[in-house]
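Letter by letter, the sequence shown follows residues 144 to 311 in the working numbering. Glycine included, C-beta positions come from ideal geometry on N, C-alpha and C.
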Amino acid sequence: MSNESKDRERLSELVDNLSRADDVKLNRRAFIKSTFGAGIALGLATIPFNIAAFVRSEPRTDRQFITTVEALERGKSLEFEYPGTEPSLLVHLKNGEFVAYNNKCTHLQCPVFYVEEEDVLLCPCHRGYFGVDGQPQAGPPQRELPKILLEIENGKIFAVGREIHHGA
Ligand code: FES
């Protein structure tokens, strides 16, 4: 028997040993493995973009004077525009801290107001409530208010950037 015919015979034995059921099982397993691997690879590759989409800080190029510490009593708020003409709200909390947010409600963009008695930010359009940390508390809003980053220097309060979460 020639070498060529021996090879052909061995090949034919190999093919006969493979049952169709085994072949399908092996192909399914290979498909699941490669799909799972591709899913993990794709997930890992998009992590940096997911983090960037979750918290987006705008560059701190716009430093804008808002008011002085003395001018805004505890429990009071002040509307201002930042960045550009974006409506924003500075709040002097009862504990003495200052916080500021973009004051367009994250539901349907109505203006949000500070309610001193309840120490919350209220959107009167559909009674949406936000905590003074900017997080939605009750009503339709699901996303937090974009936060205005503040700096206080020599008794002057400046807006120095904005932090947007969840693409709000
Ligand atoms: S627009 Fe603010 S709750 Fe609807």
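One question on the structure: do residue i and residue j come within less than 8 Å of each other, judged by their Cβ atoms?
{"i": "residue 265", "j": "residue 275", "result": "no"}
{"i": "residue 305", "j": "residue 291", "result": "yes"}
{"i": "residue 298", "j": "residue 212", "result": "yes"}
{"i": "residue 221", "j": "residue 210", "result": "yes"}
{"i": "residue 215", "j": "residue 235", "result": "yes"}
Give every residue of the same chain whose Cβ lies closer than 7 Å to the Cβ of residue i, excluding the five residues on either side of it in the sequence, and list them in chain order.
{"i": "residue 258", "result": "265"}
{"i": "residue 224", "result": "230 and 231"}
How should residue i be labelled, buried or exposed, when 16 other C-beta atoms within 10 angstroms of its C-beta is the threshold for buried?
{"i": "residue 302", "result": "buried"}
{"i": "residue 233", "result": "buried"}
{"i": "residue 288", "result": "buried"}
{"i": "residue 277", "result": "buried"}
{"i": "residue 269", "result": "exposed"}
For residue i, I'd like the list of residues in its chain whose CB is within less than 6 Å of its CB, leaving aside the five on either flank, ordered along the chain.
{"i": "residue 237", "result": "217 and 218"}
{"i": "residue 206", "result": "301 and 303"}
Whose C-beta lies closer than 8 Å to the C-beta of residue i among residues of the same chain, with five residues either side of it excluded?
{"i": "residue 280", "result": "263, 272, 273 and 274"}
{"i": "residue 246", "result": "222, 230, 231, 232, 254, 255, 256, 264 and 288"}
Just checking my contact of residue i with residue j at CB under 8 Å: how many whole Å lie between their CB atoms?
{"i": "residue 284", "j": "residue 248", "result": "6 Å"}
Should residue i be flagged as near chain C, meaning a C-beta pair shorter than 8 Å?
{"i": "residue 284", "result": "In the structure shown, chain C does not exist; there is a single protein chain."}
Complete beta strand (DSSP E) runs within the stretch 267-299 (minimum length 3 residues, chain order): 271-273, 279-281 and 290-296
Continuous beta strand (DSSP E) assignments of at least 3 residues falling wholly in the stretch 218-251: 220-224, 230-235 and 241-245
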